[in-house]
Structure formats: C-alpha cells, structure tokens
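Here is the structure we will look at, set down as structure tokens.
Protein chains: 2
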Amino acid sequence: MVVEVQDLVAGARRGEARAVARLISLVEDESPQLREVSAALAPHTGNAHVVGITGPPGVGKSTSTSALVGALRRVDKRVGVLAVDPTSPFSGGALLGDRVRMQDHATDDGVYIRSMASRGHLGGLAGAAPQALRVLDAAGCDVVIVETVGVGQSEVEIAGLADTTLVLLAPGMGDGIQALKAGILEIGDVFVVNKADRDGAATTRREIRGVVAARDSDWKPPIVLTVATTGEGVDDVVAAIDQHREHLAGGELDRRRLARARREIEALALGALRRRMGDVTGDARLGSLAADVLAGRSDPFTAADTLVERL
Amino acid sequence: MVVEVQDLVAGARRGEARAVARLISLVEDESPQLREVSAALAPHTGNAHVVGITGPPGVGKSTSTSALVGALRRVDKRVGVLAVDPTSPFSGGALLGDRVRMQDHATDDGVYIRSMASRGHLGGLAGAAPQALRVLDAAGCDVVIVETVGVGQSEVEIAGLADTTLVLLAPGMGDGIQALKAGILEIGDVFVVNKADRDGAATTRREIRGVVAARDSDWKPPIVLTVATTGEGVDDVVAAIDQHREHLAGGELDRRRLARARREIEALALGALRRRMGDVTGDARLGSLAADVLAGRSDPFTAADTLVERL
Numbered sequence: 041m042v043v044e045v046q047d048l049v050a051g052a053r054r055g056e057a058r059a060v061a062r063l064i065s066l067v068e069d070e071s072p073q074l075r076e077v078s079a080a081l082a083p084h085t086g087n088a089h090v091v092g093i094t095g096p097p098g099v100g101k102s103t104s105t106s107a108l109v110g111a112l113r114r115v116d117k118r119v120g121v122l123a124v125d126p127t128s129p130f131s132g133g134a135l136l137g138d139r140v141r142m143q144d145h146a147t148d149d150g151v152y153i154r155s156m157a158s159r160g161h162l163g164g165l166a167g168a169a170p171q172a173l174r175v176l177d178a179a180g181c182d183v184v185i186v187e188t189v190g191v192g193q194s195e196v197e198i199a200g201l202a203d204t205t206l207v208l209l210a211p212g213m214g215d216g217i218q219a220l221k222a223g224i225l226e227i228g229d230v231f232v233v234n235k236a237d238r239d240g241a242a243t244t245r246r247e248i249r250g251v252v253a254a255r256d257s258d259w260k261p262p263i264v265l266t267v268a269t270t271g272e273g274v275d276d277v278v279a280a281i282d283q284h285r286e287h288l289a290g291g292e293l294d295r296r297r298l299a300r301a302r303r304e305i306e307a308l309a310l311g312a313l314r315r316r317m318g319d320v321t322g323d324a325r326l327g328s329l330a331a332d333v334l335a336g337r338s339d340p341f342t343a344a345d346t347l348v349e350r351l
Numbered sequence: 041m042v043v044e045v046q047d048l049v050a051g052a053r054r055g056e057a058r059a060v061a062r063l064i065s066l067v068e069d070e071s072p073q074l075r076e077v078s079a080a081l082a083p084h085t086g087n088a089h090v091v092g093i094t095g096p097p098g099v100g101k102s103t104s105t106s107a108l109v110g111a112l113r114r115v116d117k118r119v120g121v122l123a124v125d126p127t128s129p130f131s132g133g134a135l136l137g138d139r140v141r142m143q144d145h146a147t148d149d150g151v152y153i154r155s156m157a158s159r160g161h162l163g164g165l166a167g168a169a170p171q172a173l174r175v176l177d178a179a180g181c182d183v184v185i186v187e188t189v190g191v192g193q194s195e196v197e198i199a200g201l202a203d204t205t206l207v208l209l210a211p212g213m214g215d216g217i218q219a220l221k222a223g224i225l226e227i228g229d230v231f232v233v234n235k236a237d238r239d240g241a242a243t244t245r246r247e248i249r250g251v252v253a254a255r256d257s258d259w260k261p262p263i264v265l266t267v268a269t270t271g272e273g274v275d276d277v278v279a280a281i282d283q284h285r286e287h288l289a290g291g292e293l294d295r296r297r298l299a300r301a302r303r304e305i306e307a308l309a310l311g312a313l314r315r316r317m318g319d320v321t322g323d324a325r326l327g328s329l330a331a332d333v334l335a336g337r338s339d340p341f342t343a344a345d346t347l348v349e350r351l
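Going down the list, the protein sequences come from chains F and X.
Heads up: the first sequence runs through residues 41 to 351, numbered per my numbering.
Heads up: the second sequence runs through residues 41 to 351, numbered per my numbering.
This is the structure we're talking about:
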C-alpha cells in the first residue's frame with residue numbers, strides 16, 4: 041500500500057495522533073518514503089523547543105520526564121516525548137523497555153509519546169531521532185522532550201540535538217558516576233538534582249556548582265532540586281527551561297540549530313558515500329584489500345586510498 | 041627535523057623503547073609521516089596476540105592489567121600495554137590519568153606501556169589505537185593488552201580491536217552497571233570477576249554464567265575469579281587467554297583479523313572522503329545548505345544529496 045505522505049503530514053498538523061505515529065514509523069524504519077516525508081515536513085519545522093534530558097541510570101529520568109510533561113500540560117503546552125533507549129549493537133534489542141510511568145499521559149491528546157531504539161554503534165541518536173523530532177515539531181508540539189539514558193556517548197549526542205539540555209543527577213550515585221560526570225557536566229544548560237529528599241542533595245548541588253562556576257559562558261546553568269515522584273520542584277524546572285529559552289533567543293538558538301543542521305547534512309552525506317563505496321567497490325574488493333593488509337603486503341592507508349580512488 | 045621512519049622501525053624491532061615511543065607518538069599525533077610509518081610496519085605485523093580488557097569503572101582494571109602483565113612476564117612474554125582513556129569530546133582532557141600501579145613495570149624493558157586519549161566522539165579507539173597496536177606488534181610484543189574504561193561505546197570498540205576480549209566485573213556494582221551489562225556480556229571471550237574476596241562474587245559469577253550459557257557459539261567463555269591486588273587467580277586468567285588463543289587458531293583468528301582490517305580500511309576511506317567533501321564543498325557551502333534546512337526551504341536529505349553531487 042502506498043502511503044500518501046502529504047495526507048499524513050496534513051493529518052499530523054491537524055493533531056491526529058495516528059498520523060504522527062505513522063510518520064515516525066516511516067522515518068524510524070528508514071522506509072523508501074523517508075526522503076518524501078522529510079521534504080513534506082520541512083516547511084512546518086522549527087517551532088518546537090527541543091529539550092534533551094539525560095543523566096546516569098537510576099536518577100529517575102522517566103519519572104522526571106513524566107512530571108515535566110504534566111507541568112507543561114498544566115500551562116497548555118503541546119508536548120512530544122521521544123524516549124531513546126540505548127541498544128546493544130549486537131542484539132539489536134532495547135535494554136530498558138518499561139515506560140510505565142509515562143502511561144499517566146497515554147490518554148492525553150496534547151501529548152505524543154514515542155520510544156525509539158538507538159540503533160547500535162555509530163547510528164545512535166544521529167540516526168532516526170532527528171527525523172522523528174521533525175515529525176513532532178511539524179505536528180505542532182510546543183516542546184519536544186528527548187529523553188535518553190546517559191550511558192556513554194548518548195548524553196553528548198543529545199546535547200547536539202537539543203535546544204536546552206537538562207542533566208539529571210541524584211545524591212549519592214557512587215563511584216561509577218564519577219567517570220560519567222565530567223562529560224555530563226559540560227553539556228548541561230539546566231541541572232536537576234532529583235531525589236532531593238535524600239541525604240547528600242546539598243553536596244551534589246555544591247559539586248555541580250563548583251564545575252559550573254568555572255564555565256566560560258554567558259549562561260550560568262541553574263541547579264534545581266526536585267522530587268519527581270511528588271512533583272516537588274518540577275515547576276522550577278519549567279521556569280529554568282523558559283529562562284534558558286529566553287537566553288537562547290539572543291542569537292544562540294540560531295547558532296545551535298545551524299550547527300545541528302550542518303551535522304545532520306554531513307552525516308547523511310557520509311552515509312550516502314559509504315553506501316556508494318559499497319556499491320562501487322563491492323564486498324569482494326574490500327575483502328581482498330583486507331587480506332593484503334593482514335598478510336603485510338599492504339597497509340591500511342594504502343588500501344583505503346585504493347577504495348577511495350574507485351569512487 | 042625529518043625523522044627517519046625506517047631507522048625508527050629498525051630500532052623498535054631491536055627492542056629500543058625510545059623508538060617504540062617515538063613511533064606511537066607519530067601515529068597518535070597523526071603526523072604527516074603516519075602513512076610512511078604504517079607502510080614500514082606492515083611487513084612486521086600480525087604476530088602479537090591482542091587482548092582487550094574492559095569493564096565498568098571501579099572494577100579494578102588498572103590493577104588487573106598490572107597483575108596480568110606481571111604474570112605474562114613470569115612466563116617470559118614481551119608485553120605491550122595500550123591504556124585508552126575516555127576523553128571528553130569537549131575539553132579534550134583525559135578523565136583518568138593515574139596509572140600509578142603500572143609503575144611496577146616501568147623499569148622492565150620487556151614491557152611497553154602507553155596511555156592514549158580516545159579522541160572524542162567518533163574517533164574513539166577507531167582512531168589512532170589500531171596504528172599504535174601495529175607499532176607494538178612490530179616491536180616484537182607477544183601480547184598487547186588494550187585497556188579501556190568501559191563507559192559507553194568503548195567496550196564495543198575494544199572487542200573490534202582485540203583477538204581476545206576480557207570483561208572485568210566485580211561483585212555488587214549496583215544499578216548503574218545493569219545498564220552497561222548487556223553490551224558488555226555479549227563481547228567477553230573471558231570473564232573475570234575481580235575483588236572476588238567481597239560478598240556477592242558467586243552471585244556475579246552465576247549471573248554471567250546465565251547469560252553466557254545462552255550463547256550460540258562454539259566457545260563457552262570461562263569465568264575466572266581474581267583478587268588482582270594480591271594476584272590471586274591471575275595465572276588462571278593467563279591460562280584462559282591461552283585456551284582462547286588455541287580456540288581461535290582453528291580459523292576464527294583469521295576471520296576476526298580480516299573483519300578488523302576491513303573496518304579499519306573502510307573507516308580510513310570514509311575519513312578521506314569526509315576531508316575531500318570539506319575541500320570540495322567548503323565550509324560556506326555547507327553553511328548555506330544548513331541555513332536552507334533551518335528556514336524550511338530544504339530538507340536534510342536534499343541538502344546531503346547536493347553535498348555528495350559536488351564530489
């Protein structure tokens with residue numbers, strides 16, 4: 041069955057949840073209509089404020105996202121949520137499937153919620169997520185939240201996708217978190233110390249403040265304490281996001297989005313070149329180059345030159 | 041000063057530590073002589089057994105690596121160690137600089153130890169590490185250990201570089217580790233439960249065994265308990281690595297190394313294409329395409345096509 045992309049886009053713009061879901065599926069599955077969808081969405085994008093939420097496992101990201109959605113709905117914002125699960129590059133299966141708490145919003149037609157797997161190794165958020173964001177943006181969401189588990193590179197990628205990046209931490213996360221922190225602390229526009237009713241919240245805030253104070257930038261990230269399970273502090277998070285949005289309006293938003301578009305175009309172009317390289321040189325050719333390297337008859341650089349010359 | 045690459049390679053093959061260090065610096069700094077180094081090394085590579093060591097922060101990887109080096113030295117193996125530190129893509133600084141325990145081997149001329157930063161986002165181990173491995177291989181190391189902190193993608197990349205991948209875990213690592221585990225458990229050829237004198241070692245072993253038993257492969261990864269600080273169990277790790285090496289000799293080693301060479305060639309070719317794309321299209325061109333996308337006049341796919349066509 042041929043899907044009428046223009047009909048779906050029109051439906052999404054009228055707020056039809058099924059059209060939105062269908063469009064996201066088309067971009068997620070890399071359907072042959074992906075390009076057509078992207079072109080049809082183009083005139084309708086650029087309105088949504090994209091909020092990235094990241095943080096180590098166990099800080100309460102799903103609960104916080106849900107609470108934030110509730111707070112945004114109370115001020116009549118249309119909200120999209122894209123929950124990106126880290127995927128094992130080997131099994132292809134999502135690690136964390138339960139989005140139970142998000143069920144609170146399942147019947148609210150001002151909220152679109154979508155889970156995506158972050159396709160393995162290099163794909164990650166750089167894959168289908170930007171396209172899914174464009175769908176939610178074109179569908180009239182005022183705010184799109186991208187939530188990801190901050191294991192490894194995803195927190196960096198999310199900063200690349202978002203207008204405002206929220207970094208969630210919690211008191212007493214232990215040693216393993218230390219290693220994650222440095223990268224995470226550098227990308228936060230707003231910091232949230234969740235589970236703030238626990239011991240150590242003040243210490244965690246102080247640690248963040250120490251790092252943030254050293255930053256050389258106009259924007260000093262606010263640090264908000266929350267208890268997402270009770271909703272405590274969540275309105276302050278909304279206020280902090282609004283503050284940051286106002287700050288961005290001074291030119292920084294365009295700069296961020298331009299940089300994002302550049303990266304996306306470049307990644308798509310490289311993907312196309314990679315496919316073309318495969319087409320032209322063929323699997324057997326690369327195999328014989330690799331065998332030459334393995335036998336010491338050639339080196340990887342010379343072999344790569346040979347591949348490129350064939351293009 | 042022009043460095044005589046052939047002299048350095050000859051020196052490295054005679055066991056001169058300074059020549060080895062110099063060659064690694066040349067590949068790490070992506071010097072203009074990188075290609076020349078790679079070509080000069082080519083005939084002398086393929087002898088070292090590459091052992092990857094990965095695992096979450098806090099399991100005792102440095103201590104274990106040091107203990108393993110000691111055990112390999114006792115059976116007269118020449119050993120190279122490449123310690124890859126995760127680097128923040130923003131600051132460019134290494135997170136974990138202390139390699140204090142490795143100082144034990146600093147005066148042993150049968151051991152080369154080198155720390156490398158894993159250049160940011162996409163570079164990672166895929167960058168200079170394969171070339172540094174080739175240096176240590178050509179320098180006559182019987183075993184080259186690549187140690188990386190298993191945060192995020194690095195544990196997957198290490199499996200791509202290594203002949204034998206050791207996954208280190210420890211009892212009672214807590215929630216954060218759960219999220220890392222699935223990916224890590226799939227890449228291990230040998231599992232080590234370090235800090236086995238702590239509570240929960242048997243439980244951790246049982247958990248690993250459960251996952252490993254489900255694997256559909258000829259090789260059932262051994263699970264070794266160690267206390268790296270005292271050296272307990274470390275000889276068993278050496279034995280497990282030897283077992284795996286024998287297993288690989290049945291054809292699997294060539295398959296792994298061929299796949300590795302293919303990936304390396306492909307990555308270098310893509311890097312060359314990316315640079316060429318930059319040369320041809322220029323920064324300004326990509327900027328104007330990005331501006332078109334941002335304004336809704338174009339979409340990322342159409343913009344990417346334009347970039348590729350210019351090549």
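Idealized CB from N, CA, C, for every residue including glycine.
Report the residue from the options whose alpha carbon sits nearest the alpha carbon of residue i.
i                  : options                                    : result
Thr-205 of chain F : F:Trp-259, F:Gly-92, F:Met-317, F:Arg-295  : F:Gly-92
His-84 of chain X  : F:Arg-350, F:Arg-337, F:Leu-347            : F:Arg-337
Gly-271 of chain F : F:Lys-235, F:Asp-256, F:Ala-241            : F:Lys-235
Val-251 of chain X : X:Glu-70, X:Glu-226, X:Val-278, X:Asp-237  : X:Glu-226
Val-182 of chain X : X:Val-121, X:Arg-238, X:Leu-347, X:Ala-199 : Checking the sequence shown, residue 182 of chain X turns out to be Asp, not Val. Per the Cα distances, X:Val-121.
Asp-15 of chain F  : F:Arg-255, F:Thr-269, F:Asp-256            : As displayed, chain F neither begins before 41 nor continues past 351, which places residue 15 of chain F out of reach and without an answer.
Met-298 of chain X : F:Ser-328, F:Ala-280, F:Glu-304            : With the sequence shown as reference, residue 298 of chain X is identified as Leu, and Met is not the correct amino acid for it. Measuring from the Cα of Leu-298 of chain X, the nearest candidate turns out to be F:Ser-328.
Gly-110 of chain X : X:Ala-79, X:Leu-81, X:Asp-148, X:Glu-306   : X:Asp-148
Arg-300 of chain X : F:Leu-334, F:Thr-105, F:Leu-173            : F:Leu-334
Pro-211 of chain F : F:His-284, F:Arg-245, F:Ala-202, F:Ala-82  : F:Arg-245
Ala-253 of chain F : F:Gly-273, F:Val-277, F:Gly-228            : F:Gly-228
Ile-153 of chain X : X:Leu-209, X:Ser-71, X:Val-186             : X:Val-186
Gly-86 of chain X  : X:Asp-116, X:Ala-242, X:Ala-279, X:Arg-174 : X:Arg-174
Gln-46 of chain F  : F:Asp-294, F:Ala-79, F:Glu-68              : F:Ala-79
Thr-188 of chain X : X:Gly-98, X:Ser-71, X:Asp-282              : X:Gly-98
Glu-70 of chain F  : F:Ala-178, F:Met-156, F:Asp-258            : F:Met-156
Does at least one heavy atom of the ligand ADP sit under 7 Å from the Cβ of residue i?
i                  : result
Asp-294 of chain X : With respect to the ligand ADP, the structure shown offers nothing to examine, as it has no ligands at all.
Could you have a look at residue i and say whether DSSP puts it in helix, strand or coil?
i                  : result
Thr-105 of chain F : helix
Leu-265 of chain X : strand
Arg-154 of chain F : strand
Ala-363 of chain X : The requested residue 363 of chain X is not part of the displayed model; chain X covers only 41 to 351.
Val-99 of chain F  : coil
Gly-291 of chain X : coil
Gly-120 of chain X : strand
Asp-270 of chain F : The residue you asked about is not Asp; residue 270 of chain F is Thr in the sequence shown. It is coil, neither helix nor strand.
Leu-351 of chain F : coil
Val-115 of chain F : coil
Ala-52 of chain F  : helix
Gly-212 of chain X : coil
Thr-243 of chain F : helix
Gly-336 of chain X : coil
Glu-187 of chain X : strand
For chain F, is any of its Cβ atoms less than 8 Å away from the one on residue i?
i                  : result
Thr-85 of chain X  : yes
Met-317 of chain X : yes
Phe-130 of chain X : Its pLDDT being 30, under 50, Phe-130 of chain X is placed unreliably by the model, and nothing is read from it.
Arg-297 of chain X : yes
Quick check on residue i - is its C-beta less than 8 Å from some C-beta in chain X?
i                  : result
Ala-79 of chain F  : yes
Arg-75 of chain F  : yes
Asp-215 of chain F : Note that Asp-215 of chain F scores a pLDDT of 44, beneath 50, so its modelled location is shaky; the value from the coordinates is reported in the next line. It does; some Cβ of chain X falls within 8 Å.
Asp-339 of chain F : yes
Val-333 of chain F : yes
Arg-385 of chain F : For residue 385 of chain F there is no data in the structure shown, the boundaries of chain F being 41 and 351.
Leu-293 of chain F : no
For residue i and residue j, I'd like the C-alpha separation in whole angstroms.
i                  : j                  : result
Val-77 of chain X  : Arg-325 of chain F : 24 Å
Lys-260 of chain F : Ala-169 of chain F : 28 Å
Lys-101 of chain X : Asp-275 of chain X : 16 Å
Arg-316 of chain X : Leu-351 of chain X : 8 Å
Thr-342 of chain X : Glu-304 of chain F : 12 Å
Asp-289 of chain X : Val-184 of chain X : In the sequence as displayed, the identity of residue 289 of chain X is Ala instead of Asp. Rounded to the nearest angstrom, the two C-alpha atoms are 17 Å apart.
Ala-172 of chain F : Leu-63 of chain F  : 8 Å
Gly-55 of chain X  : Ala-344 of chain F : 30 Å
Val-90 of chain F  : Ala-307 of chain X : 32 Å
Gly-291 of chain F : Arg-285 of chain F : 11 Å
Arg-65 of chain X  : Pro-96 of chain X  : Note that residue 65 of chain X corresponds to Ser in the displayed sequence, not to Arg. Their Cα atoms are separated by approximately 28 Å.
Val-124 of chain X : Val-60 of chain F  : 43 Å
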